[in-house]
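Read through the structure below, which is laid out as structure tokens, and then see the notes.
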Amino acid sequence: MPSATRGASDEQRPGAPVLPAAPAAPAATPATSAITAVPVDTDGRHLPGSRGLRRTQLALFGAGLATFLLLYSTQALLPALSASMRLTPGQASLTVSAAAIGLALAVIPASALSEKYGRTAVMTVSVFTAVALALVIPFSPDLTVLTGLRALQGVALAGLPATAMAYLAEEVHPSALASAMGLYVAGNSIGGMSGRLISGVVAGSFGWRWGLASVAVLSLLCAAAFRVLIPRARNFRPGPVNPGALLRTVGTHLRNPLLDRLFVLGLLFMTVFGAVYTVMGYRLVAAPFGLSQGLASSIFAVYLVGTFASALSARVTGRFGRRGTLYLAIGTTSAGLLLTLPDSLGTALLGLVLITAGFFTGHCVASASVGRTAVHGRAQASALYLAAYYLGNSLGGTLGADAYHSAGWSGTVLVGLAAMALAGGVTLYATVRAHAGALGRSPAAAR
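Each residue of the sequence shown is one higher than the one before, starting from 177 at the first, in the working numbering.
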């Protein structure tokens, strides 16, 4: 989808540009008709099976992998950071929250810059700046420096999620777009899991600084692969950055009650996810579990459940509807939170599975609904959703860690249940409004 300030293009192009119609031809034989049905590369976009498409897919997979390797690289290390620097869980969680806040604040400006300087240029600067900071971060002498560098890293990373989808929409033929975006999202998911796993396992043997260094080196390799593989953009047309138009579009979206509810839902689901995954490591290394740092980090393999939940979310939504699926996601997440309360490793892991499945289902429904709801300026609407989403990650990590420090794991669970209660209230309000509209009130009332 287009991503930034050119309001006219955003309003007129809900997806990738439509290929020009083929010129009229003499009556064709059946064989000729079959040939002309194959997608034709009339505008330079990469076709299914082409070398350019393979390079694009691998490049964006590597970029997504690098981005999410770095974004969550400290989350599995929080117990080690607390022990090394004598930090409370809330203080250590700032290393995760700072990166999320930086990304949330920078995602809209980054999308605007990509309209002037190009998607490839913004993505390249983004990923290599983030990697350069990653190579310095392991030498941080204290929490202040570490948190500051992580915040800058979050700002740098914003260029990837802000522009990758727009690049794919412009450069990939519509017949191959779904698979290309799917591989990019897979890179995000695998990167998010791998960053936590690798840093945690390495830190268990060599310390947190080596854990971060290992992620930095792997991210550098992914960034280099991205730069080597990414094809030259052939369909990007630069335009001026128009702050006034950007602010007007953002303001219009923020005055849309339905979009506001979707932004809030994304924030609340991510609050639970951020709280649970930030604090669970502390719980598993403490009594009665007493797991090692490396073994406790292996819980992040549960993240793979999210990949399957995301793939099934469209089918579930088709059966239960958008609000029905949200209720299901809220209930599943809440049940998972309650299952983690007993001091049993088996129920804790089962609870994590349910929390992860519920979170990804809710996130998929909310994010997809943003694209359908925003009639104009879809790129800005998506950027606002991402901003709310990552602010939720920061909020959840901080609140969950502080609650754990004050009241133990039950405090973290209470934070998650409160977020799900609010999400249930938002969804129930939408249901009541929709039913009121169906009973004959104005269409606006149903929003």
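For glycine and all other residues, C-beta sits at the position ideal for the given N, C-alpha and C.
What residue range does the alpha helix (DSSP H) around residue i cover?
i	result
Thr305	Arg295 to Val312
Pro433	Pro433 to Val461
Phe476	No alpha helix (DSSP H) holds Phe476; DSSP gives it neither H nor E.
Leu598	Trp585 to Ala614
Arg262	Unbroken run through Arg262: none, as it is neither H nor E.
Gly228	Arg227 to Leu247
Just grab the DSSP bridge partners of residue i for me.
i	result
Val348	His222
Determine the closest residue to residue i out of the options, with distance taken between C-alpha atoms.
i	options	result
Cys540	Leu525, Gly527, Leu526 and Ser558	Ser558
Gly573	Pro285, Leu223 and Tyr248	Tyr248
Leu517	Ile531, Ala505 and Ile506	Ile531
Val321	Val461, Gly568 and Gln267	Gln267
Leu289	Gly335, Gly330 and Phe244	Gly335
Ser395	Arg227, Gly238 and Pro224	Gly238
Pro407	His611, Ala490, Ala606 and Gly220	Gly220
Ala286	His429, Leu444, Leu422 and Leu467	Leu422
Met446	Gly527, Ala409 and Leu575	Leu575
Trp384	Ser273, Leu257, Gln251 and Gly442	Leu257
Ile374	Tyr343, Ala252, Arg403 and Tyr580	Ala252
Leu604	Ile506, Leu488, Ser273 and Lys292	Ile506
Val426	Ser381, Gln556, Val529 and Gly497	Gln556
Ala345	Val602, Leu229 and Leu593	Leu229
Gly587	Ala579, Leu593 and Ala594	Ala579
Asp519	Pro464, Phe484, Asn569 and Leu319	Pro464
Ser468	Gly387, Phe439, Gly376 and Ala297	Gly376
Pro255	Gly380, Thr243 and Ala280	Gly380
Thr243	Ala276, Ala610, Gly601 and Leu223	Ala276
Ser510	Gly466, Gly482, Ala595 and Leu460	Ala595
Leu328	Ser226, Asn364 and Ala274	Ala274
Leu567	Phe496, Phe449, Leu488 and Leu460	Phe449
In this structure, how does DSSP classify residue i when only helix, strand and coil are distinguished?
i	result
Ile531	helix
Arg413	coil
Gly466	coil
Val272	helix
Ile406	coil
Phe383	A quick correction: the sequence has Gly, not Phe, at residue 383. Three-state DSSP puts Gly383 in coil, outside helix and strand.
Thr425	helix
Arg548	helix
Leu513	helix
Asp318	coil
Ala198	Model confidence at Ala198 stands at a pLDDT of 40, short of 50, so the residue's coordinates are unreliable; what they give is reported in the following sentence. Coil at Ala198, not helix or strand.
Ser520	coil
Thr501	helix
Ala559	helix
Thr493	helix
Ala334	coil
Asn418	coil
Gly553	coil
Thr208	No answer about Thr208 holds up, because its pLDDT of 37 lies below 50 and its placement is not dependable.
Thr508	helix
Thr250	coil
Leu279	helix
Ala192	Any reading at Ala192 must be qualified, since the residue scores a pLDDT of 37, below 50, and its modelled position is unreliable; no value is offered.
Ala213	Reliability fails at Ala213, whose pLDDT of 44 lies under 50, so the model's placement of it is uncertain and the value that follows must be treated cautiously. If DSSP states are grouped into helix, strand and coil, Ala213 belongs with coil.
Can residue i be considered in contact with the ligand GTP, in the sense that its beta carbon sits closer than 8 Å to one or more heavy atoms?
i	result
Leu263	As presented, the structure is devoid of all ligands, the ligand GTP included, so that no description of it is given.
Cβ contact (3+ pairs, closer than 8 Å) linking the stretch 302–315 and the stretch 386–400: These segments touch.
So does the stretch 560–569 actually touch the stretch 533–551, counting three or more Cβ pairs closer than 8 Å? Contact holds: three or more Cβ-Cβ distances are below 8 Å.
I want to know whether the stretch 454–469 touches the stretch 262–282 - three or more CB-CB distances under 8 Å. As far as the Cβ criterion goes, the stretch 454–469 touches the stretch 262–282, which means the pair count is three or higher.
Does the stretch 475–493 come within contact of the stretch 369–376, defined as at least 3 CB pairs closer than 8 Å? Result yes; three or more Cβ-Cβ pairs closer than 8 Å.
Are there three or more Cβ pairs, one per stretch, closer than 8 Å when the stretch 501–521 is compared with the stretch 418–437? Contact between the stretch 501–521 and the stretch 418–437 is absent: fewer than three C-beta pairs spanning the two stretches fall below 8 Å.
Answer yes if the stretch 523–537 comes into contact with the stretch 397–406, meaning at least three C-beta pairs across the two stretches below 8 Å, and no otherwise. Because the criterion of three Cβ pairs below 8 Å is not met, the stretch 397–406 and the stretch 523–537 do not touch.
Would the stretch 290–306 count as touching the stretch 331–346 if we require 3 or more Cβ pairs under 8 Å? Cβ pair count under 8 Å is three or more, so yes.
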